[in-house]
Structures are given as C-alpha cells and as structure tokens.
Amino acid sequence: MKTIRKITILGSTGSIGDSTLDVIARHPDRFEAFALTANNNVEKMLAQCERFRPRYAVLLNPESATRLTEAVHAARLKTQVLSGIESLEYVASLPEVDAVMAAIVGAAGILPTFAAARTGKLVLLANKETLVMAGGIFMDLVKRNNATLLPIDSEHNAIYQSLPLHFNGNLAASGISRILLTASGGPFRRAPLDTLEQVTPGQACAHPNWSMGQKISVDSATMMNKGLEVIEAHWLFNAPPEKIEVVIHPQSVIHSMVAYVDGSVIAQLGNPDMRTPIAHAMGFPERINSGVSALDMFKVGHLDFEAPDLDRFPCLRLAYRALAAGGNMPAVLNAANEVAVESFLAERMKFTAIPVMIEQVMNAVPQAAMTTLDGVLEADALARHQAREWLAAQS
Ligand code: NAD
Ligand code: MG
Numbered sequence: 000m001k002t003i004r005k006i007t008i009l010g011s012t013g014s015i016g017d018s019t020l021d022v023i024a025r026h027p028d029r030f031e032a033f034a035l036t037a038n039n040n041v042e043k044m045l046a047q048c049e050r051f052r053p054r055y056a057v058l059l060n061p062e063s064a065t066r067l068t069e070a071v072h073a074a075r076l077k078t079q080v081l082s083g084i085e086s087l088e089y090v091a092s093l094p095e096v097d098a099v100m101a102a103i104v105g106a107a108g109i110l111p112t113f114a115a116a117r118t119g120k121l122v123l124l125a126n127k128e129t130l131v132m133a134g135g136i137f138m139d140l141v142k143r144n145n146a147t148l149l150p151i152d153s154e155h156n157a158i159y160q161s162l163p164l165h166f167n168g169n170l171a172a173s174g175i176s177r178i179l180l181t182a183s184g185g186p187f188r189r190a191p192l193d194t195l196e197q198v199t200p201g202q203a204c205a206h207p208n209w210s211m212g213q214k215i216s217v218d219s220a221t222m223m224n225k226g227l228e229v230i231e232a233h234w235l236f237n238a239p240p241e242k243i244e245v246v247i248h249p250q251s252v253i254h255s256m257v258a259y260v261d262g263s264v265i266a267q268l269g270n271p272d273m274r275t276p277i278a279h280a281m282g283f284p285e286r287i288n289s290g291v292s293a294l295d296m297f298k299v300g301h302l303d304f305e306a307p308d309l310d311r312f313p314c315l316r317l318a319y320r321a322l323a324a325g326g327n328m329p330a331v332l333n334a335a336n337e338v339a340v341e342s343f344l345a346e347r348m349k350f351t352a353i354p355v356m357i358e359q360v361m362n363a364v365p366q367a368a369m370t371t372l373d374g375v376l377e378a379d380a381l382a383r384h385q386a387r388e389w390l391a392a393q394s
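For what it's worth, numbering that gives the first Met the number 0 labels the leading residue of the sequence shown as 0, then goes sequentially.
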C-alpha cells in the first residue's frame, strides 16, 4: 500500500490552490489535504473544507477566521480554524506534514515558505517572490535542513524536467551551455506602444494563454513576471544571468528548454495548464494523471520564437539590473513592483508608470548586502515606503 502524502496548501483559494486541489481530488489514495490556508475568503474556504475535510483551515484575517469557525461548526466539520501569520507558519511546519504547496501570492508568502524549508519539508514552490527576495538565504536554508525543493512555476518545472536527473547545481559539469526561459509576451506583445498608457486592469489581466491570479497576470503583461523568473532560475539552478536567455514563444506550448554543449536542446512541452507541473512535482519521481488533455500537435500547428523587446518591456531590463546588483536590490524590485501592481489594479496608476516607479525606487534605496531574513524584510518595507512616497508625490 502507498503511504498518503499529507499536504499543506498555502493559498488554497487561489488559482494554484484550485489546481492543486484538483490534482489531490484525482488521487485520494496518494494525497491528503491536511491544512488549507488563505487570506480572507470565508465562502470559498468553507466550500473547500466541506469537500476536502482538512485537519486545519487558516485565514490570515482574524474576523474572517471567526466567521469561518462558526460556519465550520454549523456544518459539523472537525476542521480546526486558526488565524494570523504564526498559524500559517504553524501549519507549514507541523511534523505530520510531508509537503507544502507554497502558493500565496507575493511577499506575504515568504514567512510560511521559510517555515516549511526550516522544518525540512518537501517544498513545492509556486511563490517565486520568496526566491526573488531572499534566494541565497532560502537555498541555504533548504540545504541545511534537508528540505527538498521542487519548482511549480511552469518554466522552472520544465527546466527541472529537462536537466539531468541528478543535477548537482554545476551547469558546466553537466554539459549545459544555456537555459532558455520561454515567455508568451503577454497580451501587449504586438500592441502599438502609444496605446499602452491607456491599458485597463481588465485588459492587462486577459492573458492570451494562461488563467492566473491578478497579480501574476499584470506581471505577465509588463513582463516583470519573466524578470522575476530569471532571478528565480538563477537561484534554483545556480545559473549566472548571462546563461539565462529569455525567448518569446507566443503559443506557450514549450514551457522552457535546456541547451547542452553538444548542440542538443531538451524541452518540455504541454498544454498551458498548471496541473501538469503541479502533478509532476506532487507525484515526483512517479508520473501521475493530472487531468490535463494530451497535447495535439496538429492543432498547435506551428511554434514561433522571437527575441524580447526591452524598450517595450522595461520591467525585464530592471529585473536583470536587480539581479546583477544583487544584495537587497531584487527584494527592492519585488516590493516596488507589488505596490505598483496594486496601485494599477486599483486604477490609481497608469500601466506605463509601473516601470517608472520601480526604477525610481531602485534608485532611491541604497544598495546593501543581504544575509538574513530580517534584512530582507527591512529592504521590503523600505522599498514599499519609497514607492508610496513616490505615489503620493504624483497626486
Ligand atoms: P491568486 O491571487 O489566485 O491566489 C493567491 C492565494 O494567496 C489566495 O489563496 C489568497 O487567499 C492567498 N493570499 C493572498 N494574500 C495573502 C496574505 N497576505 N496572506 C496569506 N495568504 C494570502 O494567485 P496565484 O495566481 O494562485 O499565484 C500564487 C503564486 O504562484 C504567486 O507567487 C505566483 O507568482 C505563482 N504562480 C502562479 C501561476 C498561475 O498560473 N496562477 C503560475 C506560476 C507561478
Ligand atoms: Mg511562469
């Protein structure tokens, strides 16, 4: 008999959370949703508790947690409801937990993701912001505590699948010449440049290939998402920036590639559905059904590639700059981007102002080395403060 893997899902009510629960539901003999967590969505969390009967449900927001507690009692469920950031860390680190799906959006995910690594879990990492903010510190923590890290981000999962099985972090020794990170180019790849200023949140969130949360959808439209992913790939695969090449591939069928010195290029292909990388990582090293339909090459027809236009997508340039600068700069970039995206979604800022604000914040915050999680959180807070000052000065 197989042992059942007990999973904590950080961010169960989001897009990745939904896809993870869909995979879990297909394999009741393999996985158990042990703890579910979210920000404040009581109704959706209650529905997930009724269906998956987790041991714990955590809502960050205390008032929402009180409402959920009442609803859970009324529904006669045994789920224990908790609230607050300490409870998110608690359910990520309980000894019964085998794996943690880190799928909170943004910097808010860093503390519980760190807690999972600190307690040696199998960490299924969707929350790329943790690696962007604190890549070196996080990778050390994973190593020191014998945690296992598997990437959920489709590109990084594709790279993982295209690397040699026992890749030890040495690209040259494995005969790898380059990592080719594919990008769809988002909804504005071909839009006339002078129309970008008037882009609405609805247009920015309408991704041509993927259905995702709002923040990552806006990041895809500015291509900051690809910038964050370059930094993510740097830490995951110990790859210097010049060995990570962004390739625009509008069909989103090739999810990324690894080029070898003998001229071979290994790619992972599939329909754009996050259940594939999720099922790959959850079942690893076995292959399990994900519910994703087979790729129909005749329907795909052709695969196109082009180089990214850094004038159209200045956020990508800023991310390369932050990676080259190192230290606190990636955390500063990330924090400024989060404030910019929130402001854009709230219609308090134009789409084209996003990179302008991020660059100003990067210029305003002094460069510093980064060796502790507290230091990272300070850099994050300082950059958010600068970003808000910049916004206030505009109005
Ligand atoms: P989403 O907005 O759909 O869901 C976010 C989840 O996080 C929700 O459950 C929400 O309740 C929770 N949350 C939000 N703020 C929180 C807070 N302050 N404290 C605790 N919980 C909080 O986001 P998503 O699209 O599922 O993305 C999640 C993460 O996965 C992001 O880091 C994103 O970059 C990454 N990712 C997503 C996709 C995708 O296809 N959606 C692909 C690759 C990577
Ligand atoms: Mg991705």
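Don't be surprised by glycine CBs; every beta carbon is placed ideally from N, CA and C.
Judged by DSSP secondary structure, K5 falls outside any alpha helix (DSSP H) and instead within the beta strand (DSSP E) spanning R4 to L9.
Counting only runs of 3 or more residues that sit fully inside the stretch 54 to 120, the beta strand (DSSP E) segments are 55 to 58, 79 to 82 and 98 to 101, in chain order. When the alpha-carbon of P53 is set against those of L390, E95, A335 and D379, the nearest one is in E95. Sorted by chain position, residues whose beta-carbon lies closer than 7 Å to a non-hydrogen atom of the ligand MG are D152, S153, E154, N224 and E228. In this structure, the C-beta of I6 stays at least 8 Å away from each heavy atom of the ligand NAD. Around the beta-carbon of I84, fewer than 16 other beta-carbon atoms lie within 10 Å, marking it exposed. For D97, the CB stays at least 8 Å from every heavy atom of the ligand NAD. The way I'd put it, the stretch 292 to 307 does touch the stretch 249 to 262; three or more beta-carbon pairs between them come closer than 8 Å.
Note on F297: under 16 other CB atoms within 10 angstroms of its CB, so exposed under the neighbour-count rule.
The straight-line gap separating the alpha-carbon atoms of I243 and A266 is approximately 15 Å.
Excluding five sequence positions before and after A64, the CB atoms of its chain that fall closer than 6 Å to its own CB belong to L58, V80 and S82, given in chain order. Distance check between D310 and each of R383, R189 and L227 places R189 closest, using alpha-carbon atoms only.
In the three-state DSSP reduction, M348 falls in the coil class, being neither helix nor strand. For the 9 Å CB-CB criterion, L130 and V99 do not form a contact. Placement of the Cβ of M132 at a distance of 8 Å or more from every heavy atom of the ligand NAD is found. Measuring C-alpha to C-alpha distances from G119 to each of N333, N39, L149 and L192 identifies L149 as the nearest.
Contact between A91 and A115 holds: their C-beta atoms lie close to 4 Å from each other, under 8 Å. In terms of side-chain proximity, the C-beta atom of M273 is found nearer than 8 Å to a non-hydrogen atom of the ligand NAD. Taking 4 residues as the minimum length, the alpha helix (DSSP H) runs contained wholly in the stretch 235 to 309 are 274 to 282 and 296 to 299, in order along the chain. In the pairwise beta carbon analysis, the stretch 137 to 153 is classified as not touching the stretch 362 to 369: fewer than three pairs are separated by under 8 Å. Bounds of the beta strand (DSSP E) holding S176 are I175 to A182. Counting C-beta atoms within 10 angstroms of its own C-beta, V71 has 16 or more neighbours from the protein chains shown and is therefore classed as buried. With respect to the 9 Å criterion, N144 and S183 are not classified as neighbours on the basis of their beta carbons. DSSP places T19 inside the alpha helix (DSSP H), whose first and last residues are S14 to R25. Beta-bridge annotation (DSSP): V122 is paired with V99 and L148.
Sequence-distant Cβ neighbours of G16 in its own chain, meaning closer than 7 Å and more than five residues away, are I8, G10 and A102. Between A339 and A380, the CB-CB gap reaches or exceeds 9 Å.
Contact check for L180 against A232 passes: the beta carbons are separated by less than 9 Å. Exclusion of the five residues before and after P200 leaves L344 as the residues of its chain whose Cβ lies within less than 6 Å of its Cβ. The ligand NAD approaches S210 closely enough that one of its heavy atoms is under 8 Å from the residue's Cβ. Within 8 Å of the C-beta of G269 there is not a single heavy atom belonging to the ligand NAD.
When DSSP reads this structure, T371 sits in no beta bridge, so it has no partner. Excluding the 5 residues flanking it on each side, R66 has same chain C-beta neighbours closer than 7 Å at V41, in chain order. Of all alpha-carbon atoms in R177, P329 and A205, the one lying nearest the alpha-carbon of V264 is that of R177.
Between the alpha carbons of S289 and S14 lies a distance of about 15 Å. Annotation: T194 is outside any alpha helix (DSSP H) and is labelled neither H nor E by DSSP.
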